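Numbering-wise (the working numbering), the sequence shown opens with residue 34 and increments by one. Here the structure is laid out as structure tokens; the discussion comes afterwards.
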Amino acid sequence: MNSNTASEHSTIGEEHLSVPASERADFVVVANRLPVQQVVTEGGEEWRPSPGGLVTALTSVLQNHNSLWIGWPGASGDGDPPLTYEGIRLKAVAISPAEHDNFYLGFSNATLWPLYHDAIRAPTFHRHWWQTYKKINMRFATAAAESVAPGGTVWIHDYQLQLVPNMLRQLRPDVRIGFFLHIPFPPSELFMQLPWRKEILAGLLGSDLVGFQVPQMASNFSRIARRQLGAKGTDSMLEYDGRLIGVGAFPITIDTAQIRALTADAKIRERAREIRRDLGNPEVVLLGVDRLDYTKGIQQRIRAITELYADGTMSGDKHVMVQVAVPSREADAHYELERHSLEQVVSEMNGDHSLVGSPIIHYLHQNMPFDELLALYLAADIMLVTPFRDGMNLVAKEYVASRTNLTGRLVLSEFAGAAAELRGAFMVNPHDLDGIKEAVCLALKVSPKEARARMSRMRRRTLRHDVYDWAESFLASLQHVAAVDSREQAGEFDPPEDGKS
Ligand code: G6P
34 MNSNTASEHS TIGEEHLSVP ASERADFVVV ANRLPVQQVV TEGGEEWRPS
84 PGGLVTALTS VLQNHNSLWI GWPGASGDGD PPLTYEGIRL KAVAISPAEH
134 DNFYLGFSNA TLWPLYHDAI RAPTFHRHWW QTYKKINMRF ATAAAESVAP
184 GGTVWIHDYQ LQLVPNMLRQ LRPDVRIGFF LHIPFPPSEL FMQLPWRKEI
234 LAGLLGSDLV GFQVPQMASN FSRIARRQLG AKGTDSMLEY DGRLIGVGAF
284 PITIDTAQIR ALTADAKIRE RAREIRRDLG NPEVVLLGVD RLDYTKGIQQ
334 RIRAITELYA DGTMSGDKHV MVQVAVPSRE ADAHYELERH SLEQVVSEMN
384 GDHSLVGSPI IHYLHQNMPF DELLALYLAA DIMLVTPFRD GMNLVAKEYV
434 ASRTNLTGRL VLSEFAGAAA ELRGAFMVNP HDLDGIKEAV CLALKVSPKE
484 ARARMSRMRR RTLRHDVYDW AESFLASLQH VAAVDSREQA GEFDPPEDGK
534 S
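Below is the structure:
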């Protein structure tokens with residue numbers, strides 16, 4: 034087994050860089066997806082901003098620098114992506130259909146995704162997927178190496194690109210490298226299943242700073258790096274291969290100012306009222322908003338709600354549920370199966386409990402513009418976020434941020450990263466159907482006074498930081514670790530002692 038693809042390549046000399054020095058960027062973001070994606074509209078195909086907080090967070094940071102975003106333009110449609118987005122230069126990394134199968138559907142989403150999410154589905158290990166993962170990671174690393182200015186900063190994102198930090202370090206030892214994992218990092222018992230565990234660890238340790246969503250994941254990583262690769266140091270500062278590597282938790286969050294502005298918008302407020310009218314003005318609207326993914330616990334949540342209808346706790350004339358399931362990774366068999374069984378559960382629930390003209394669950398399998406999502410958040414009395422495992426879950430934070438009048442109740446899985454911050458939620462173990470039912474009953478019965486107290490507690494915590502603070506705090510730590518490392522290289526620093534955090 035190859036221990037490290039990057040070690041086969043030597044540092045790129047100035048003369049071999051295809052991008053002239055004057056065009057190289059001081060700050061480069063490397064993510065699997067570009068910040069724009071091609072969508073099919075009535076007028077044909079067009080490029081629109083990719084959904085999600087990462088684009089919002091990084092756009093403003095990138096706009097303040099001479100910057101570049103490197104990513105894959107996506108599998109759908111033809112045509113080249115634009116050269117810039119909101120003033121940020123874009124560089125597309127091409128992935129062929131066969132590579133897409135092995136790298137994206139295969140190693141990224143059928144090996145790493147389930148393994149890192151508590152093995153909710155059995156991860157599949159294939160050597161040819163791994164070979165393509167290495168190849169594509171090298172393609173991203175090379176694109177970054179060619180594009181970053183001397184001494185510049187490269188910020189690499191997520192599980193699809195875990196080998197890029199070390200590959201890039203081999204090619205460009207002069208640059209500062211940060212890595213942030215958006216999904217959970219698994220406990221040792223699961224991570225150890227990975228036949229290429231050492232290569233992945235070494236890949237990540239090529240960074241100056243490795244960031245995770247919550248402290249538990251950061252210490253999982255440090256502990257495994259010490260045991261498997263003999264790294265020295267503490268949970269927050271490792272020493273490996275003669276360098277210092279910072280490790281920490283940087284919980285991602287939302288664009289609170291954007292949500293504040295949108296929730297104050299009269300059109301969106303009116304749309305929320307209209308949604309409630311369209312639902313028949315029930316006493317209680319329950320809402321779920323998820324990517325259609327088997328990690329999100331959508332079926333389990335709907336089964337729990339169905340039982341509450343069956344035992345008479347809820348009834349079709351008073352309680353209505355809306356479930357938005359955003360299409361995702363539809364070429365993967367697990368996702369296809371999940372969709373079919375979810376749709377079966379939804380139709381059973383409606384068949385058993387709906388009234389003529391008013392289904393009890395409104396199921397929307399579609400992409401939803403952010404304005405419409407906000408209107409749904411405003412229309413919903415109870416928000417259900419019950420993933421089996423989730424790195425953070427920004428839907429929970431968006432719901433809380435949108436409830437400016439302090440109404441609304443959140444039922445939240447204790448296995449979502451957001452649970453560490455949103456202590457005012459009705460917490461559930463998503464594997465415990467009775468537990469979900471109890472939490473929903475509590476949310477239905479809670480006094481308005483207690484509901485307000487819970488919501489204001491969650492809002493205080495959520496509104497304290499926004500996604501810009503998140504990006505700044507990561508980049509400030511990256512700068513700090515790189516400065517400490519240079520002092521150590523100059524012989525002015527004692528490396529950390531073993532095993533202490
Ligand atoms: C999660 C991952 C992202 C990914 C997104 C959508 O949030 O952390 O890296 O981009 O899901 O999935 P997709 O496979 O469509 O990119």
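Idealized CB from N, CA, C, for every residue including glycine. On a predicted model such as this, the values are computed, not experimentally measured, just so you know.
Scanning Q70, T328 and E454 for the CA closest to the CA of A429 turns up E454.
Closest in alpha carbon position to W162, among Q193, Q246 and G384, is Q193.
The three-state secondary structure of F213, taken from DSSP, is strand. Between G184 and S510, the C-beta spacing is not below 8 Å.
For D59, the enclosing beta strand (DSSP E) begins and ends at A58 to R66. Around the C-beta of S480, fewer than 16 other C-beta atoms lie within 10 Å, and the residue is accordingly described as exposed.
DSSP, reduced to helix, strand and coil, places I415 within a strand of the structure shown.
At the C-beta level, Y327 and E371 come within 8 Å of one another. Y118 is bridged by DSSP to I121.
Placement of the Cβ of S129 at a distance of 7 Å or more from every heavy atom of ligand 1 is found.
Using a Cβ distance threshold of 8 Å, K351 and P315 count as a contacting pair. In this structure, I469 keeps its C-beta atom at 8 Å or more from the C-beta atom of A290.
Using a Cβ distance threshold of 8 Å, D59 and S93 do not count as a contacting pair. Given a length threshold of 3 residues, each whole run of the beta strand (DSSP E) inside the region 270-325 is given here in chain order: 270-273, 276-282 and 317-324.
Buried is the label assigned to H386, since at least 16 other Cβ atoms lie within 10 Å of its Cβ. Ligand 1 never approaches N438 closely enough for any of its heavy atoms to be under 7 Å from the residue's Cβ. R324 places its beta carbon less than 8 Å from that of S361. By the C-beta criterion, the region 156-175 is judged not to be in contact with the region 71-85, since fewer than 3 inter-stretch pairs fall below 8 Å.
The nearest non-hydrogen atom of ligand 1 is 7 Å or more from the C-beta of S446. For R205, there is no enclosing alpha helix (DSSP H), since its DSSP letter is neither H nor E. Taking the Cα of A125 as reference, the smallest distance to any Cα among R310, L466 and P106 is reached at P106. With a cutoff of 7 Å, R372 does not count as near ligand 1, since its C-beta is closer than that to no heavy atom of the ligand. For T286, the closest alpha carbon among the candidates N438, L91 and R490 is that of L91. With a cut-off of 8 Å on Cβ pairs, the region 481-499 is not in contact with the region 240-249, counting fewer than three such pairs. Not one heavy atom of ligand 1 lies closer than 7 Å to the C-beta of N462. In the DSSP assignment, Q377 falls within the alpha helix (DSSP H) that extends over A366 to H386.
In this structure, the CA atom of P463 is about 7 Å from the CA atom of G330.
Sequence-distant partners of L466 (beyond 5 residues in either direction) whose C-beta falls short of 8 Å from its own C-beta, in its chain, are Q333, R336, A337 and E340. Nearest in C-alpha terms to R442, of all of D414, G450 and L196, is D414. S240 has its alpha-carbon roughly 12 Å from the corresponding atom of A174.
When secondary structure is reduced to three states using DSSP, E521 falls in the helix class.
In this structure, L411 places its C-beta atom within 8 Å of the C-beta atom of S435.
In the three-state scheme derived from DSSP, where H, G and I count as helix and E and B as strand, D467 is classed as helix. The Cβ-Cβ distance between S255 and D274 does not fall below 8 Å. Residue environment for S141: buried (at least 16 other C-beta atoms within 10 angstroms of its C-beta).
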